[in-house]
Amino acid sequence: MLLPLLGSAVNGLVGASIRERWSKSAVNATAIGSVALSFICVCEAVREFSQLAADQIPVIHSYFTWMVAGPFRADFSLQVDQLTIVMLLVVTGVGLLVHIFSIGYMAHDPSYYRFFCYLNLFVFFMLTLVLGSNLLVTFVGWEGVGLCSYLLIGFWFLKKSATDAGKKAFITTRIGDMGFMVGILLVFATFHTVEYAGIFQTLAQNNTPVENHFGVITAICLLLFAGAIGKSAQLPLYVWLPDAMEGPTPVSALIHAATMVTAGVYIVARMNPLFARSPIAMLVVAIVGAVTAFYAATIGMAQTDIKKVLAYSTISQLGYMFLACGVGAYTAGIFHLMTHAFFKGLLFLAAGSVIHAMGGEQDMLKMGGLWKKIPVTAWTMLIATLAIAGIPPFAGFFSKDEILWAAYSGPYANKALWALAFAGALLTSFYMFRLIFLTFFGRQRYDEHHVHVHESPWIMLAPLCVLALLSTVGGWFAAPKLWDGPDYFANFLKPVFSGSTALAPQILEPAHALELYFSGFAVLAGVIGLAIAWFIYLGDPERPKRLAKSLGGLYKLVYGKYFVDEIYGALIIKPLIWGSEHILWHVVDEGMIDGTVNGAADAARAAGGQARKLQSGNARSYATWVIIGAVGFTALLLGILGMRH
Amino acid sequence: MSIPVSYYLALSGVLFGLGVVAFVFKRNIITIFMAIELMLNAVNLAFVAFSRAHSTAGHVALDGQVFVFFVIVVAAAEAAVGLAIVLALAHTRQSLNVDRVNLLKF
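Those protein sequence lines, which keep their order, are chains R and C.
The first sequence begins at 1 in my numbering and counts up by one.
The second sequence begins at 1001 in my numbering and counts up by one.
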């Protein structure tokens, strides 16, 4: 099979890139080459995969036994099935484009090779995450991408805000990872294995019933979902993602939009047989998803930093994916994951191109009227915006429509969540077009003498164009569904989710016409959002300000991101710091730990001080001691022998 | 009629005790040296005595004698090294008093 080749290629090339630091072109060659090669490998894997019989899937290849401890056993093994294929294509495909883009974007950075080294390492860990055939290997990738995320957010480590953001990302996700890890342990305690295949087999064989109360399966699901919340920046652990925008923009595109943050969605989809047996956990996932989708969209409306808008948009879109998983529409979730990777990756890269053109300016209020100056960037960004706003025929329309439809009519349908998601879709369209209008249209609000606006080099524009193409056609797999045809994407993924769809409550298939109406609604939401943004931002230039003033407190609340950072700071971080300083530092550390250690040392020194007096340097006194010892020992020996008789 | 083994052992013990006492109480390094030799030879005597005691009419035990040869070899080597040290000491200190050689301490 291909897997050894794939694995070794990725490993070997990533390893090589770390040593690579001779020159820029060499760095380029290794970095791009390795990702390109793994992309080709993935394509080849897809080709071979498509020829396999259904019963041979998933393909699992075990390389070596990683650890054995009593009944616990974990292999380092990789697995390929339909879900993996989708993720692989997204990771390596978008990864490759981002790498190419980075050549242009990072061209003037002194730590060029370090950037590519981290980026390659990230791709490696992401592939480990996706390919791992048990929870532990996935967890290695999971932590690995977290590490790379930390390194890349804090890439410009001379900037304090960047290093702080890196730490925040790392520590915040750590809270979720704690849950993830406990979840893995609980999985092992319950199923005596951490292999996906083994878990699912046990579930199927025992015919484990759906758990309507709060039992062990629900607990596992919620713990794993805690990890997903941290990684995928959902409420309440989303705070790190907006700050993560301190990193270079290609990083934001690859890690914080297209790939890493979707790991949470991936793990929920991967563990779907477990989630399907716990309606409570499903509901939690759906609620968190829908609320986040709406909540983050509201914050996104008021941000002025172009990347921050996109960051909140990402959080919001991830919320949609979780909503999809939560209502049992895993395929829709993964579909949105894929299209989102295309158009959000494109949005970030285009934003990077805009920032590049503006010479580092990120504030949209200082842009405006850029349409003519950077047409390629503007066009591609517009396509991505149309896609995310759910305007047909762009990719986002198909995936988002499917999610909304599932939330309304799926097996776990919930009208309230649908309403939230629908409102979120409207807001999405609004804030995205606000971004477009502020950036590319209207009055020029920058000083032309200071900013030399220029279109980016072709090496940056080419990935934009490819992604724009993907954002356009990426959703067409599902297009035949509109006229009652097959949904190719869903059919492809069906085997992965077949076990859990069988468990879902049976519902009547709603009329196809209704579905079409709903698609119409979704499009309408997008158009309304567009229209509002048009009205506010393209008409009277004073209108946004007046509106902000008339909304007063509400505007401030949203602009301040609901002051969640401040609340966390006051409620969690301050007490922690106080506790660390006053209790842990002064009492526990200085008093108890230092006291114990120093006390032991003092005792040893005192004893030694007494004992060293014996060592007088006088040879005869030593001899005396030897004799005393010998006599004493002999006496003891004789005494023992005497007692024997 | 032979001398009982206990006689030999008594003599060996007396010689060894004399060696020990001389080793501990004498200050002259040459005397201490001789005390060590005395102790070694006391032990040699004990070895030979035991070897003799274990011999029977048809079987002559030689283990003790072999040990003694080893001890003699080691003693010779020790004497060579030891006297070299004594010479070096006499050169540097102009004295053979061991109580004045007490630098090797805490």
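Every residue gets a Cβ at the ideal spot worked out from N, C-alpha and C, and that includes glycine.
Could you check the C-alpha separation between residue i and residue j for me, to the nearest Å?
{"i": "C:S1051", "j": "R:V68", "result": "60 Å"}
{"i": "R:T84", "j": "R:K366", "result": "42 Å"}
{"i": "R:S616", "j": "C:V1024", "result": "15 Å"}
{"i": "R:A468", "j": "R:P457", "result": "17 Å"}
{"i": "R:F188", "j": "R:A269", "result": "19 Å"}
{"i": "R:G529", "j": "R:M321", "result": "21 Å"}
{"i": "R:D487", "j": "R:A478", "result": "4 Å"}
{"i": "C:V1068", "j": "C:N1044", "result": "5 Å"}
{"i": "R:H646", "j": "R:Y446", "result": "Absent from the structure is residue 646 of chain R, since the part of chain R shown begins at 1 and ends at 645."}
{"i": "C:I1032", "j": "C:K1026", "result": "6 Å"}
{"i": "R:M87", "j": "R:P71", "result": "32 Å"}
{"i": "R:Q728", "j": "R:L638", "result": "It is not possible to answer for residue 728 of chain R, since the shown part of chain R is limited to 1 through 645."}
{"i": "R:A378", "j": "R:L370", "result": "8 Å"}
{"i": "R:N206", "j": "R:A219", "result": "19 Å"}
{"i": "C:G1058", "j": "C:I1072", "result": "28 Å"}
{"i": "C:A1084", "j": "C:V1014", "result": "29 Å"}
{"i": "R:A293", "j": "R:S580", "result": "35 Å"}
{"i": "R:T385", "j": "R:R73", "result": "47 Å"}
{"i": "C:M1039", "j": "C:A1075", "result": "11 Å"}
{"i": "C:I1030", "j": "R:G642", "result": "40 Å"}
{"i": "R:L516", "j": "R:F422", "result": "15 Å"}
{"i": "C:Q1065", "j": "R:L614", "result": "39 Å"}
{"i": "R:L461", "j": "R:K372", "result": "16 Å"}
{"i": "R:W22", "j": "R:Y112", "result": "At R:W22 the pLDDT is 49, less than 50, meaning the model places this residue with poor confidence; the figure from the coordinates comes in the next sentence. Cα to Cα, the separation comes out at about 11 Å."}
Against chain C, with Cβ distances strictly below 8 Å, would residue i count as a contact?
{"i": "R:A606", "result": "no"}
{"i": "R:G617", "result": "yes"}
{"i": "R:A189", "result": "no"}
{"i": "R:A600", "result": "no"}
When you compare the CB positions of residue i and residue j, do they come within less than 8 Å of one another, or not?
{"i": "R:V284", "j": "R:L235", "result": "no"}
{"i": "R:V145", "j": "R:G95", "result": "no"}
{"i": "C:S1002", "j": "C:A1042", "result": "no"}
{"i": "R:I184", "j": "R:L237", "result": "no"}
{"i": "R:G264", "j": "R:A297", "result": "no"}
{"i": "R:V137", "j": "R:F76", "result": "yes"}
{"i": "R:A341", "j": "R:V90", "result": "yes"}
{"i": "R:I60", "j": "R:A197", "result": "yes"}
{"i": "R:F646", "j": "R:N272", "result": "The question about residue 646 of chain R has no answer, for chain R in this structure spans 1 to 645."}
{"i": "R:G424", "j": "R:S316", "result": "yes"}
{"i": "R:A600", "j": "C:V1098", "result": "no"}
{"i": "R:S252", "j": "R:F348", "result": "yes"}
{"i": "R:S427", "j": "R:M301", "result": "Checking the displayed sequence, the identity of residue 427 of chain R turns out to be Leu instead of Ser. Result yes, Cβ atoms of R:L427 and R:M301 sit closer than 8 Å."}
{"i": "R:G319", "j": "R:F394", "result": "no"}
{"i": "R:D363", "j": "R:T304", "result": "yes"}
Note down, in chain order, each residue of its chain lying with its Cβ closer than 7 Å to the Cβ of residue i, except the 5 sequence neighbours on either side.
{"i": "R:L382", "result": "I436"}
{"i": "R:W240", "result": "K168, A169, T172, T173, A233"}
{"i": "R:L135", "result": "I184, V187, V194"}
{"i": "R:F39", "result": "T92, G93, L96"}
{"i": "R:T314", "result": "L241, H256, A257, V261, K344"}
{"i": "R:I217", "result": "E211, L274, R277, S278"}
{"i": "R:S8", "result": "Below a pLDDT of 50, predicted positions are generally treated as unreliable, and R:S8, at 46, falls in that range; the measurement from the model is reported next regardless. Excluding residues within five positions, none has a Cβ falling inside 7 Å."}
{"i": "R:F125", "result": "G141, G144, V145, C148"}
Between residue i and chain R, is the shortest Cβ-Cβ distance under 8 Å, so that the two count as touching?
{"i": "C:L1103", "result": "yes"}
{"i": "C:V1081", "result": "no"}
{"i": "C:V1098", "result": "yes"}
{"i": "C:F1023", "result": "yes"}
{"i": "C:V1005", "result": "no"}
{"i": "C:D1066", "result": "A small correction: the amino acid at residue 1066 of chain C is Val; Asp does not occupy that position in the sequence shown. Not closer than 8 Å to any Cβ of chain R, the Cβ of C:V1066 fails to qualify, so no."}
{"i": "C:V1060", "result": "no"}
{"i": "C:V977", "result": "Since the displayed chain C opens at 1001 and closes at 1106, residue 977 of chain C lies outside it and no answer follows."}
In chain order, what residues of the same chain have a beta carbon less than 6 Å from the beta carbon of residue i, not counting five sequence neighbours either side?
{"i": "R:G102", "result": "Residue identity differs from the one stated: residue 102 of chain R is Ser in this sequence, not Gly. Only P250 meet the Cβ criterion."}
{"i": "R:A311", "result": "L241, P242, M245"}
{"i": "R:V376", "result": "L461"}
By Cβ distance below 8 Å, which residues in the same chain neighbour residue i in space, the five residues on each side in sequence not counted?
{"i": "R:A406", "result": "A324, V327, G328, A329, A332, A413"}
{"i": "R:A527", "result": "The question names Ala, but residue 527 of chain R in the sequence shown is Val. Correct list, in chain order: I391, S429."}
So within the segment 175 to 204 of chain R, which uninterrupted beta strand (DSSP E) runs reach at least 3 residues, ignoring any that extend past its ends? none
Runs of 4 residues minimum, wholly inside the segment 251 to 289 of chain R: which ones carry the alpha helix (DSSP H) assignment? 263 to 270, 272 to 276
Could you give the uninterrupted runs of the alpha helix (DSSP H) lying entirely in the segment 323 to 361 of chain R, keeping only those of 4 residues or more? Within the segment 323 to 361 of chain R, the runs of alpha helix (DSSP H) at least 4 residues long that lie entirely inside it are, in chain order, 330 to 357.
In chain order, which continuous runs of the alpha helix (DSSP H) of length 4 or greater are located wholly inside the segment 53 to 139 of chain R? 82 to 105, 112 to 131
At 4 residues or longer, and completely inside the segment 1009 to 1061 of chain C: list those alpha helix (DSSP H) runs for me, N to C. 1029 to 1054
What alpha helix (DSSP H) runs, 4 residues minimum, are completely inside the segment 450 to 475 of chain R? 458 to 473
Please list the segments of the beta strand (DSSP E) lying wholly inside the segment 349 to 418 of chain R, counting only runs of 3 or more residues, in order along the chain. For the segment 349 to 418 of chain R, not a single whole beta strand (DSSP E) run of length 3 or above is found.
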